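Every letter in the sequence shown is one number past the one before it in the working numbering, and letter 96, counting from 1, is 146. Think of the CB as a built atom: it goes at the ideal place given N, C-alpha and C, for glycine as much as any other residue. Fair warning: this is a prediction, and the values are worked out from it, not measured in the lab. Structure, as structure tokens:
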Amino acid sequence: VNDRVICSGCGIKIQTADPEGLGFTPPSALERDIVICQRCFRLKHYNDIQDVSLTDDDFLKILNQLGKKDALIVKVVDIFDFDGSWLPGLHRFAGKNPILLIGNKMDILPKSVKRPKLIQWMKRASKEYGLKPVDVHLMSAETGEGVLEAADLIEHFRKNKDVYIVGSTNVGKSTFINRLLKEFGADEELMITTSNIPGTTLDMIDIPLDDGSSLFDTPGIINHHQIAHLLDKKELKLISPRKEIKPKVFQLQQEQTLYVAGLARLDFVQGDGQSFVCYFSNEIHIHRTKLEKADELYRNHLGEMLAPPAAENAAAFPELVKHEWKIGSEKQDVIFSGLGWITIHGSGAKIRAHAPKGVHVGVRPSIF
Ligand code: GDP
51 VNDRVICSGC GIKIQTADPE GLGFTPPSAL ERDIVICQRC FRLKHYNDIQ DVSLTDDDFL
111 KILNQLGKKD ALIVKVVDIF DFDGSWLPGL HRFAGKNPIL LIGNKMDILP KSVKRPKLIQ
171 WMKRASKEYG LKPVDVHLMS AETGEGVLEA ADLIEHFRKN KDVYIVGSTN VGKSTFINRL
231 LKEFGADEEL MITTSNIPGT TLDMIDIPLD DGSSLFDTPG IINHHQIAHL LDKKELKLIS
291 PRKEIKPKVF QLQQEQTLYV AGLARLDFVQ GDGQSFVCYF SNEIHIHRTK LEKADELYRN
351 HLGEMLAPPA AENAAAFPEL VKHEWKIGSE KQDVIFSGLG WITIHGSGAK IRAHAPKGVH
411 VGVRPSIF
């Protein structure tokens with residue numbers, strides 16, 4: 051594409067190579083008199099915001115701008131992947147601006163989870179990350195539960211100022227904003243424009259609010275420690291929970307192993323027999339085996355009994371890396387970023403988690 055072709059909607063440089071990237075336009079659309087990028091096209095014609103991913107550098111540029119504004123920042127996290135979708139450091143860039151924390155996708159957590167307890171947990175976890183949100187809210191952008199309350203909270207805390215919605219990719223930002231658009235003014239008069247951040251080529255969607263302020267949708271940042279980057283679309287669909295999760299409980303003795311499909315593994319190395327509660331997409335098969343047989347099982351059955359990864363992707367799948375912990379007396383969750391977690395009752399259990407190289411694994415005080 052000629053370097054000088056820019057989108058007449060947002061001013062970004064047009065490209066035809068990367069459909070997921072900023073400024074993408076199908077080559078056929080270049081024939082038209084007025085060229086606009088696919089994101090602006092969809093926004094204009096379908097009132098539909100598509101997510102666009104940024105590199106770390108670009109995201110830092112956005113964050114740097116946020117501190118200079120006088121605005122409400124709405125940070126959206128995926129409560130099923132709280133740590134993986136967190137965006138560490140946001141509070142340092144936000145300056146004095148208030149941050150409203152919204153946990154999305156609450157529809158996939160088991161109904162038995164008590165909301166107030168989860169909110170308490172989110173407040174504690176935020177504090178550990180150094181963030182003190184003005185409020186914490188739960189919603190499901192998909193089912194609409196809690197979305198109107200989220201809108202009310204935004205209205206309450208913004209005090210006639212602009213609003214910036216931030217979050218890593220896949221937290222449900224676009225779904226949330228599309229729902230807000232439908233609730234509040236998908237009428238044709240609503241003019242949505244994109245505005246450039248000075249000094250960069252990054253655009254944000256600018257949605258006017260009725261008092262002259264704006265709601266800005268910032269593109270999402272890719273989180274490199276999530277397992278999503280190792281999987282193809284079909285595999286990703288399978289591991290992403292779509293419905294309420296049914297926890298699977300395993301009563302384990304020491305020297306037993308659980309495989310989470312072929313994507314991760316947890317060894318119960320030593321300790322008293324106890325239950326291991328698995329929170330993953332209902333489609334993911336958990337396979338129990340003896341620790342001494344576990345390596346061989348993986349070598350011989352990755353891509354079949356242990357799938358995903360699918361057979362054709364098994365050879366290229368990164369090797370599993372080990373992490374070891376001794377669990378104290380409190381209940382802990384062993385988290386596999388982007389995949390789910392396993393709750394262990396503790397009492398001095400020695401455990402070893404295995405996850406693909408690059409995927410974040412950690413333990414945290416149990417969420418439930
Ligand atoms: P974005 O990258 O942050 O803009 O996220 P999207 O809005 O594109 O959503 C990412 C994926 O999560 C999509 O498959 C959505 O359908 C799904 N999703 C978004 N919100 C929810 C929700 O509240 N519950 C569930 N179960 N899925 C959701």
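Assumed close pair residue i, residue j - CB separation to whole angstroms, cut-off 8 Å
i, j, result
"E354", "A361", "6 Å"
"A191", "F226", "4 Å"
"L151", "K125", "5 Å"
"A314", "L389", "6 Å"
"K381", "S416", "4 Å"
"L188", "L203", "Not a contact, Cβ separation roughly 11 Å."
"V163", "K173", "Going by Cβ atoms, the distance from V163 to K173 rounds to 15 Å, so no, they are not a contact pair."
"V216", "I123", "6 Å"
Those residues which DSSP pairs with residue i across a bridge
i, result
"R402", "D317 and E374"
"T307", "D317 and T339"
"I215", "V124 and D267"
"P415", "Q382"
"V299", "V327"
"G390", "F330 and F386"
"G153", "V127 and L188"
"F143", "Answer by DSSP bridge pairing: none, since F143 is not bridged."
"K74", "Reading off the sequence, residue 74 comes out as Phe, not Lys. Paired residue(s): Q65."
Heavy atom of ligand 1 within 7 Å of residue i beta-carbon
i, result
"T268", "no"
"G388", "no"
"R292", "yes"
"K223", "yes"
"D14", "Only positions 51 to 418 of the chain appear in the structure, and residue 14 is not among them; the question remains open."
"G217", "yes"
"E333", "no"
"E285", "no"
"A191", "yes"
"N220", "yes"
"N350", "no"
Counted within 10 angstroms of its Cβ, other Cβ atoms place residue i as buried (16 or more) or exposed
i, result
"N210", "exposed"
"K372", "exposed"
"V299", "exposed"
"L198", "exposed"
"N228", "buried"
"T268", "buried"
"D133", "buried"
"E346", "exposed"
"K177", "exposed"
Chain-order list of residues whose beta-carbon lies under 8 Å from that of residue i (same chain, five-residue window excluded)
i, result
"L316", "T307, L308, V310, F326, V384, I392, I401, R402, A403 and H404"
"P406", "I277, L280, L313, A314, F367, P368, E369, L370 and V371"
Beta-carbon contacts of residue i that lie in its chain and below 6 Å, excluding the five residues immediately before and after
i, result
"D212", "A121, S263 and S264"
"G408", "none"
"Q320", "Q304 and K400"
"E205", "none"
Nonlocal neighbours in the same chain, by C-beta distance under 7 Å from residue i, ignoring five residues either side
i, result
"I84", "S58"
"V184", "P148, I149, L150 and F207"
Chain C contact for residue i (CB, 8 Å cutoff)
i, result
"I385", "As a matter of chain content, chain C is missing from the structure shown, which is built from one protein chain."
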